[in-house]
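Chemist: Structure below; questions to follow.
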Amino acid sequence: MIDLIKKTLLTGVGLAVMTKDKVEELGRDLADQAKLGESEGREFVDNLMKQSENARGEFETRVNALVKKAVDGLNLAPKDELTKLQARVAELEAELKRHDESATHAG
């Protein structure tokens, strides 16, 4: 019974990073240890799968928020700004080249 409690507690922590197969395997193991009937066991595994999906979604949301916070803290230029700057540099280079060519031909 202690193993069942330990696994249940660890399940809440690890559900987000477990594969679907591992969650199903854990659910079957826990259902067997708890001596659940077939329909109860299936319901338990299904519930565990739903909890896993929810935990994965919450985990992903938290990771995305942390990554965004870290990137924002680096004060990096967003990709669209970088693209605009690259286009502006190319435009200025072309303008400078035209200016140099006209100065060369005029002199």
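As numbered in our numbering, residues 41 to 147 make up the sequence shown, in order.
Note that the Cβ used here is the ideal one computed from N, Cα and C, for glycine as well.
Here the structure is a predicted model, which means the values were calculated and not measured.
#1: For V17, is the classification buried or exposed, using 16 other Cβ atoms within 10 angstroms of its Cβ as the cut-off for buried?
#2: To the nearest angstrom, report how far apart R96 and N87 are at their CA atoms.
#3: The alpha helix (DSSP H) that contains K89, what's its start and end?
#4: With respect to the alpha helix (DSSP H) encompassing T59, which residues constitute its N-terminal and C-terminal limits?
#5: When you compare only the Cα positions, how much space is there between L125 and L116?
#6: According to DSSP, is K75 part of a helix, a strand, or is it coil?
#7: So the alpha helix (DSSP H) L132 belongs to, where does it begin and stop?
Modeler: According to the structure data:
#1: Only positions 41 to 147 of the chain appear in the structure, and residue 17 is not among them; the question remains open.
#2: On the sequence shown, residue 96 is found 56 positions in, with the first residue counted as 1. On the sequence shown, residue 87 is found 47 positions in, with the first residue counted as 1. Take the alpha-carbon of R96 and the one of N87: they are about 14 Å apart.
#3: Within the sequence shown, the letter at position 49 stands for residue 89. Reading the sequence as shown, one finds Met at residue 89 and not Lys. Where M89 is concerned, the enclosing alpha helix (DSSP H) starts and stops at 78 to 113.
#4: Position 19 of the sequence shown, counted from the start, is the residue given in the question as residue 59. It is not in any alpha helix (DSSP H) - T59 carries neither H nor E in the DSSP assignment.
#5: As a first step, residue 125 is located in the sequence shown; it is residue number 85 there, counting from the start. As a first step, residue 116 is located in the sequence shown; it is residue number 76 there, counting from the start. Their backbone Cα atoms lie some 14 Å apart in a straight line.
#6: The count along the sequence shown starts at 1 and reaches residue 75 at position 35. In the structure shown, K75 sits in coil (DSSP, three-state: anything other than H, G, I, E or B).
#7: Position 92 of the sequence shown holds residue 132. Its alpha helix (DSSP H) spans residues 119 to 146.
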